[in-house]
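Q: Just passing along the structure, written as structure tokens.
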């Protein structure tokens, strides 16, 4: 059974989340950031539901510390709901972001979608780009440039692989949101753009190197695989 760590300082919210997830997943709980980090270090966690407003160690710091050692899936759960807050959350390393008050059913849907995509990898072969400068390992969800890990989040890796698996084909933001996150897309939502920006930065790509912006349409991958 997959193991989920719920990090939330409000016991009532932890109880609600657990009631919706306990039938399908093993649930571990932490009421503060310090305890969350200790639990994570001592358990094989498949996904983290992480509140930002935590005592002792903030959710942002927890996310950053975990990202230094793991690409485990992270869903941020917070009362902050502005577009800039969401962008900050993704920049900290979150794979998804859900604002309070939230629907427990929607949270369950997002958890299932993220874990399902983690299991269903489209390509098994190592992908080499630019004469081996970049190597992509789909099974491990790792990208290396000159043998150095690029530290992509799960969602960033899935966006990259979706573009590669549809090489030369323009994918709209709506298509990427659906294929990668299984979510409906709002035309005012910059989530996909933020992930693309982070991928380019982490892979140290020049403008339109491999990932090309097609203005008014979306993105496409160009390159020999």
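In this note's numbering, the protein residues as written are 52 to 276.
For glycine and all other residues, C-beta sits at the position ideal for the given N, C-alpha and C.
This structure is a prediction, so every number in the text was calculated from the model and none was measured.
In whole angstroms, give me the CA-to-CA distance for residue 264 and residue 147.
A: If I take the Cα positions, the gap works out to 23 Å.
Q: Quick one: what's residue 99 bridged to in DSSP?
A: 56 and 125.
Q: Considering only C-alpha positions, which residue in the set 199, 88, 201 and 151 is nearest to residue 127?
A: Among 199, 88, 201 and 151, the Cα nearest to that of residue 127 belongs to 151.
Q: Suppose the cutoff is 8 Å on Cβ atoms and the five residues either side in sequence are ignored; what does the same chain contact list for residue 162 look like?
A: If we look at residue 162 and ignore the five residues flanking it on each side, its Cβ neighbours are 55, 72, 76, 98, 100 and 126.
Q: Can you pull the DSSP bridge partners for residue 272?
A: Partner(s): 262.
Q: Tell me the rounded alpha-carbon separation between residue 144 and residue 88.
A: Their backbone Cα atoms lie some 15 Å apart in a straight line.
Q: For residue 261 and residue 165, I'd like the C-alpha separation in whole angstroms.
A: Each residue's alpha carbon lies about 25 Å from the other.
Q: What does the Cβ neighbour count give for residue 183, buried or exposed, with the cut at 16 atoms within 10 Å?
A: Exposed.
Q: Going by Cα to Cα distance, which pick from 52, 86 and 214 is closest to residue 113?
A: Out of 52, 86 and 214, 86 has the C-alpha closest to the C-alpha of residue 113.
Q: Would you identify the three-state DSSP class for residue 120, choosing helix, strand or coil?
A: DSSP places residue 120 in coil when its eight states are reduced to three.
Q: Does residue 266 pass the burial test, meaning 16 or more other C-beta atoms within 10 Å, or should it be called exposed?
A: Classification of residue 266: exposed, given that the 10 Å Cβ count is below 16.
Q: Residue 80 bridges to which residues according to DSSP?
A: Looking at the DSSP assignment, residue 80 forms a beta bridge with 57.
Q: Bridge partners for residue 199 per DSSP, in chain order?
A: Partner(s): 196.
Q: Taking the alpha-carbon positions, what's the residue 226 to residue 270 distance?
A: Their backbone Cα atoms lie some 10 Å apart in a straight line.
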